[in-house]
Amino acid sequence: MLVTRQPVLRRFWYATLPLTELDKGPQAFTLLGEKIVLWKQADGRPAAAQDRCCHRTAQLSKGFVENGNIVCGYHGWQYDCSGACVKIPQNPEGAIPPGAKITPFHCQEKYGYVWVALEAPLRDIPHFPEDGAPGYRRIFQFHQTWKTSPVRMMENSFDNSHFSFVHKANFGLQDQPQPAPYEFRETDYGFEAETLVPIRNPEASHRVTGTTEPITHRHLVNRYYLPFARRFGCTYPASGVDHIIYNCATPIDDENMVLVQWLYRNDSEEACSTQELIDWDAAITVEDRDILEACDPDACIDVRRRAEFHMASDKPGLMIRQQLMKLLTDHGEAEVFRS
Ligand code: FES
1 MLVTRQPVLR RFWYATLPLT ELDKGPQAFT LLGEKIVLWK QADGRPAAAQ DRCCHRTAQL
61 SKGFVENGNI VCGYHGWQYD CSGACVKIPQ NPEGAIPPGA KITPFHCQEK YGYVWVALEA
121 PLRDIPHFPE DGAPGYRRIF QFHQTWKTSP VRMMENSFDN SHFSFVHKAN FGLQDQPQPA
181 PYEFRETDYG FEAETLVPIR NPEASHRVTG TTEPITHRHL VNRYYLPFAR RFGCTYPASG
241 VDHIIYNCAT PIDDENMVLV QWLYRNDSEE ACSTQELIDW DAAITVEDRD ILEACDPDAC
301 IDVRRRAEFH MASDKPGLMI RQQLMKLLTD HGEAEVFRS
């Protein structure tokens, strides 16, 4: 599926940049092939619009912010969050030509991130119940560009059969390649999948897992949020420590995505520090990234095309592909792919 060729994908919220990035000034971002500028308004709320001035096409992300408006760095035309041109410094009477505007996009802050939808969103931003819940701390972990597709990233995150191979250097059990089975539950946002996965617990992970037991398990309650967000709901039963990750696989274009990752933990900084947790998950995501960037980014979601072979443990990935395919069909779209 070529994500930039499926218009319905423009109708979902995607995490783009941490809100704090906008303190540096306007920022450029590419979402589904659309070049956008993000900036912070006078009241602190983020705004998003087409990154192209309607005067001589200059990128507005090269400009600056004044009184909450985005100012073009070429000749100083100003635009508000609705995209309307509100000031042309060279026109002494303040005249604005009719139709002088840029395209605005839906934009809001949530979980410390700037979320953007290019067209009227079909759904709300996914709900992360641990955010702000007593006993949980939120840790921003990653904001990385990966040369793969969100479909590949999503299905990899539910794939219990890759642990023994891709993650054999840390938690994967190389001598137990049989994947743990899932129990699936349908939801109105996608699906929930529960499983108990046996893992290694090397000494380097004792503070992460909260236990020194040599072999333990992960109890996972994972969730898929159509189209490209997921929850990795991990509890280590031996310690009761929750290690709950949320990802947004934000599509940049047909070959690249941004992996945004938040972590929620129910232990203390003294028990396992923020940096230890970032380092632990960084090593794991490097392994995932390395193998996913070695796959074709044009992941086929129409399984009738038989573009790829499947096995029983691919079921969550096939469910993701089927739900995406239904989304396209319900909106009158066919899958667009490279021929
Ligand atoms: Fe933007 Fe001239 S190109 S003001």
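Residues 1 to 339 in full-length UniProt numbering are what the sequence shown spells out, letter by letter. For every residue, glycine included, the Cβ atom is placed at its ideal position computed from N, Cα and C.
Per DSSP, what kind of secondary structure is K24 in: helix, strand or coil?
Three-state DSSP puts K24 in a helix.
Check whether the stretch 295-307 and the stretch 135-151 touch, using three or more Cβ-Cβ pairs below 8 Å as the test. yes
Between the CA atoms of H143 and P198 - distance to the nearest angstrom:
29 Å
task: In angstroms with no decimal places, state the Cα-to-Cα distance between V37 and P26.
output: Here the alpha carbon of V37 sits roughly 7 Å from the alpha carbon of P26.
Distance cut 7 Å, beta-carbon to the ligand FES heavy atom: residue list by chain order:
C53, H55, R56, T57, A58, C72, Y74, H75, G76, W77
Kindly indicate which three-state DSSP category G317 falls into: helix, strand or coil?
Reduced to three states, the DSSP call for G317 is helix.
Self-check item: Enclosing beta strand (DSSP E) for F105 [first to last residue]
Solution: 104-110
Indicate whether Q6 and E333 have their beta-carbon atoms separated by less than 9 Å.
-> yes
- [ ] Output the distance between the C-alpha atoms of N222 and W262, rounded to the nearest integer angstrom.
- [x] 14 Å
With 16 other CB atoms within 10 Å as the buried threshold, where does I102 fall? buried
| message | Quick test of your reading: N170 and A283, contact by CB under 8 Å. State the CB separation rounded to the nearest angstrom. | response | 6 Å
* To do: Say whether the stretch 249-264 touches the stretch 125-137, bearing in mind that this needs 3 or more beta-carbon pairs closer than 8 Å, one atom from each stretch.
  => yes
Q.
Could you compute how far the alpha carbon of residue 374 sits from the alpha carbon of L318?
A. Residue 374 is absent from the model: the chain starts at 1 and stops at 339.
Next on the checklist: Comparing C-alpha positions only, which one of A271, S157, Y14 sits nearest to G233?
Outcome noted: S157
- Item | T329, buried or exposed, once every other Cβ within 10 Å from all chains shown has been counted against 16 | exposed
ask   = Considering F165, what are the terminal residues of the alpha helix (DSSP H) in which it resides?
value = Segment 163-166, the alpha helix (DSSP H) holding F165.
What's the call for E311, buried or exposed, on a 16-neighbour Cβ count within 10 Å?
Going by the sequence as given, residue 311 is Met instead of Glu. Exposed, since its Cβ has fewer than 16 Cβ neighbours within 10 Å.
message = Report the start-end ranges of each alpha helix (DSSP H) in the stretch 160-204 that is 4 residues or longer and not cut off at the edges.
response = 163-166
message = Using the three-state DSSP reduction, which class does A84 fall into: helix, strand or coil?
response = strand
Margin query: For the structure I just gave you, are there three or more beta carbon pairs, one from the stretch 277-291 and one from the stretch 45-52, closer than 8 Å?
Written below: Taking a cut-off of 8 Å on C-beta distances, the stretch 277-291 does not touch the stretch 45-52, as fewer than three cross pairs fall below it.
Q | Buried/exposed call for G172, threshold 16 Cβ in 10 Å | A | buried
In chain order, what residues of the same chain lie with their CB nearer than 6 Å to the CB of D242, ignoring the 5 residues before and after it? T235, N266, listed in sequence order.
Going by beta carbon distance, what residues of the same chain come within less than 6 Å of W115, once the five residues before and after it are set aside? W13, A15, Q108, I125
| said: Going by DSSP, what residue range makes up the beta strand (DSSP E) through V116? | reply: Start and end: 113-117.
So, at 8 Å on beta carbons, what are the nonlocal neighbours of L292 in its own chain, with the 5 sequence-adjacent residues on each side left out?
W146, T148, R152, M153, N156
| request: Report yes if the C-beta of C248 is less than 8 Å from at least one heavy atom of the ligand GTP; otherwise report no. | output: Inclusion of the ligand GTP in the displayed structure is not the case, the ligand content consisting of the ligand FES alone.
Rounded to a whole number of angstroms, what is the C-alpha to C-alpha distance between N247 and F64?
30 Å
Q. For E130, does the three-state DSSP call read helix, strand or coil?
A. coil
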